[in-house]
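Residue numbers (the numbering used here), protein chains in the order written: chain A, 22 to 355; chain B, 22 to 355. Okay, structure first, notes after.
Here it is as structure tokens:
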């Protein structure tokens, strides 16, 4: 009998097929490659073909917007939102709109064109985490911005258009719907129990162990109870911080280490799949108390071509129970 | 300046790029084809390779599960849910699950393997609408079921695995999250204004005309104000019915006609794109009043490879303003 399982945070039900559990080889996985165009604007030497950098970790004797960097953050050349301008809110009959003020940046994670995020050295991965934090801390000083999204599309099937490893940041003057739902879910639970639902979940998962992929002193990696996608994997901080940028310096390396191990396991076990990687963190510049939120990463390999039906209904059918996915990922040698 | 627009029903914000509006030829549209496997279980003569039909429109002198049908409804051979069994609800610590009781059926829309839904004759399309209604009316007698989803994945990129034109029906013991959100949105508006938000929207759209694709006596076809996808198109009944099955007999042909014209426009204008087609209708067997809901169809062409980022955040970036999409679809000769 298939199972219906409910995500405890947002209340989303998913169907988990328990009878014909699909293993990795049952999915038609296309190893993530983006069609190469020859010229890569993210490679060292091509700095002039991107907008000027807003942050870079580079050799002391190198100049901005020239080679010698190990990580580089630039505004997106084709931004979805514009930094300049005032926020204007307009009603049109039953509709609402506002001006598209915000930021859209690209974090180039390594100068090496041939590395994926899973291939980054621990130092490089640590720098990526540091850059995420630095950009968030800088952008949240802009009081017009309410939410900073950080995400990565790896591989064409996951929406990437350039192969050179990079993440994206979109800073928004509104709180996106799914974030608002997670905020409402964590608040409801906190109002009821005076505890954080993520903290309760982490304790339960660490004790049960069935869905645990990896664990270290500060982080727990699980395949969640009600996953939308096969091999969906979450990286959860054990200590409660609502926002990513609250993570103390000494935990950044521990995060870089476990994230790197997680991405390597997914790359080895699923044949270098396309995936989306999302930072779920609390909002900024809100006058509401959002300390009940619990930041985390969600990684969603693109193994199936579900598409619009799931988009349209919010209803997901998953043929790999998370217990099987976690057992498989655990079993891979590191 | 890009615009942020809010869907008035569920409150989802989307970014609409107004400056570099993408036209159909700017999308890399792969005409919807599913890789052929030679044998088609949905073709006449192959009835024995599917589960026995639960409904068929067929010649008076033909026998069940043999050729001579014009439309055929069968249980899905690999159902996501099982009809047999009791609903058991179980808690597991912070989690909830229930047994996967439900129905999963396939509506084979035509015996002709080479027709798409857009190619169906008016009579065939009328039969499809009738079959949707008949199956809903039959299944809602099962008091365990709370929601009946009807949808179509057209083309491999939209999730189809068989080419022969068909829709699917999934009957669920729960109300899916997006439906619950639409119910909450329409209820809030009704509580506030004692009017239906869809009815208000339909009046506003018919008056403005900018986003109207087609209109007949009973239906209005629009590209919605805050569309998630380029060329997203909704078919809205002008008269307020919460549930699809309430549509009177005399409006079924009018619906078949406008739906057919809409699909033809999308097929001609977008080069036969993959798409998802969803029936949004009210729930069944609920003791709550859901008369404030307003059934409709949503059609979402698969022109972009957005994927997990949008899944994960509920946040969409659309490079074709709906006013441009509607103007283009209107301009196509019929």
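Heads up, the beta-carbon is just placed ideally off N, CA and C, and yes, glycines get one too.
Taking C-beta pairs closer than 8 Å, name the residues in chain A that residue i reaches, listed in chain order.
i	result
residue 75 of chain B	Result: empty, since nearest Cβ-Cβ is about 20 Å, beyond 8 Å.
residue 84 of chain B	Near residue 84 of chain B there are no residues of chain A at all, since even the closest Cβ is about 32 Å away, more than 8 Å.
residue 36 of chain B	101, 102, 121
Residues of chain A with a CB under 7 Å from the CB of residue i: which are they?
i	result
residue 246 of chain B	116
residue 338 of chain B	101
residue 32 of chain B	198
residue 29 of chain B	115, 116
Need the endpoints of the beta strand (DSSP E) that residue i sits in, please.
i	result
residue 124 of chain B	124-129
residue 25 of chain A	24-27
residue 172 of chain A	168-175
residue 48 of chain B	Run containing residue 48 of chain B: none; DSSP gives neither H nor E here.
residue 295 of chain A	Unbroken run through residue 295 of chain A: none, as it is neither H nor E.
residue 75 of chain A	Per DSSP, residue 75 of chain A belongs to no beta strand (DSSP E) and is neither H nor E.
residue 104 of chain B	Counting along the chain, residue 104 of chain B falls outside any beta strand (DSSP E), and DSSP gives it neither H nor E.
residue 251 of chain A	Unbroken run through residue 251 of chain A: none, as it is neither H nor E.
Quick check: what's the CA-CA separation for residue i versus residue j?
i	j	result
residue 92 of chain A	residue 145 of chain A	8 Å
residue 276 of chain A	residue 82 of chain A	30 Å
residue 219 of chain A	residue 149 of chain B	46 Å
residue 63 of chain B	residue 298 of chain A	39 Å
residue 124 of chain A	residue 192 of chain A	5 Å
residue 324 of chain B	residue 172 of chain A	22 Å
residue 95 of chain A	residue 132 of chain A	14 Å
residue 141 of chain B	residue 246 of chain B	29 Å
residue 210 of chain A	residue 122 of chain A	33 Å
residue 288 of chain A	residue 254 of chain B	38 Å
residue 89 of chain B	residue 161 of chain B	28 Å
residue 24 of chain B	residue 249 of chain A	30 Å
residue 178 of chain A	residue 293 of chain A	12 Å
residue 229 of chain A	residue 156 of chain B	43 Å
residue 204 of chain A	residue 267 of chain A	17 Å
residue 2 of chain A	residue 313 of chain A	With chain A represented from 22 up to 355, any question about residue 2 of chain A goes unanswered, as that position is not in the structure.
residue 197 of chain B	residue 75 of chain A	43 Å
residue 47 of chain B	residue 158 of chain B	43 Å
residue 73 of chain A	residue 167 of chain A	25 Å
residue 195 of chain A	residue 195 of chain B	31 Å
residue 265 of chain B	residue 176 of chain B	25 Å
residue 339 of chain B	residue 119 of chain A	15 Å
residue 32 of chain A	residue 208 of chain B	19 Å
residue 45 of chain B	residue 65 of chain B	36 Å
residue 348 of chain B	residue 235 of chain B	11 Å
residue 351 of chain B	residue 296 of chain A	38 Å
residue 134 of chain A	residue 115 of chain B	44 Å
What first and last residue would you give for the alpha helix (DSSP H) that runs through residue i?
i	result
residue 207 of chain A	198-214
residue 91 of chain B	Here residue 91 of chain B belongs to no alpha helix (DSSP H); instead the beta strand (DSSP E) covers 90-96.
residue 289 of chain A	270-290
residue 352 of chain A	343-352
Going along chain B, which residues have a C-beta under 8 Å from residue i?
i	result
residue 24 of chain A	118, 119, 120, 121
So residue i contacts chain A; which residues on that side make the cut at Cβ distance below 9 Å?
i	result
residue 95 of chain B	Within 9 Å Cβ-Cβ: nothing; residue 95 of chain B doesn't reach chain A, min ~19 Å.
residue 106 of chain B	22
residue 281 of chain B	Neighbours of residue 281 of chain B on chain A: none; closest Cβ ~20 Å, over 9 Å.
Residue i bridges to which residues according to DSSP?
i	result
residue 233 of chain B	B:243
residue 150 of chain B	Answer by DSSP bridge pairing: none, since residue 150 of chain B is not bridged.
residue 313 of chain A	None, per the DSSP bridge assignment.
residue 337 of chain B	B:35
residue 60 of chain A	Looking at the DSSP assignment, residue 60 of chain A forms no beta bridge with any residue, so it has no partner.
residue 111 of chain B	B:118
residue 9 of chain A	The requested residue 9 of chain A does not occur in the structure, where chain A is confined to residues 22 to 355.
residue 139 of chain B	Answer is none; residue 139 of chain B lacks a bridge partner.
Could you work out which residues of chain B lie near residue i, taking near to mean beta carbons separated by less than 9 Å?
i	result
residue 304 of chain A	Result: empty, since nearest Cβ-Cβ is about 13 Å, beyond 9 Å.
residue 157 of chain A	Here the premise fails: no neighbours, minimum Cβ distance about 16 Å.
For a cutoff of 8 Å on Cβ pairs, would you count residue i as touching chain D?
i	result
residue 131 of chain B	No chain D appears in this structure, whose protein chains are A and B.
(request) Using a Cβ-Cβ cut-off of less than 7 Å, give me the residues of the region 211-229 of chain A that come near chain B, in sequence order. (result) The region 211-229 of chain A vs chain B, Cβ under 7 Å: 218, 221, 222, 225.
(request) With 9 Å as the C-beta to C-beta threshold (strictly closer), list the residues of the region 192-207 of chain B near chain A in chain order. (result) Answer in chain order: 193, 194, 195, 196, 197, 198, 199, 200, 201, 202.
(message) By the 8 Å beta-carbon criterion, what residues does the region 240-271 of chain A contribute toward chain B?
(response) Only 246, 247, 249, 250 from the region 240-271 of chain A bring a Cβ to less than 8 Å from some Cβ of chain B.
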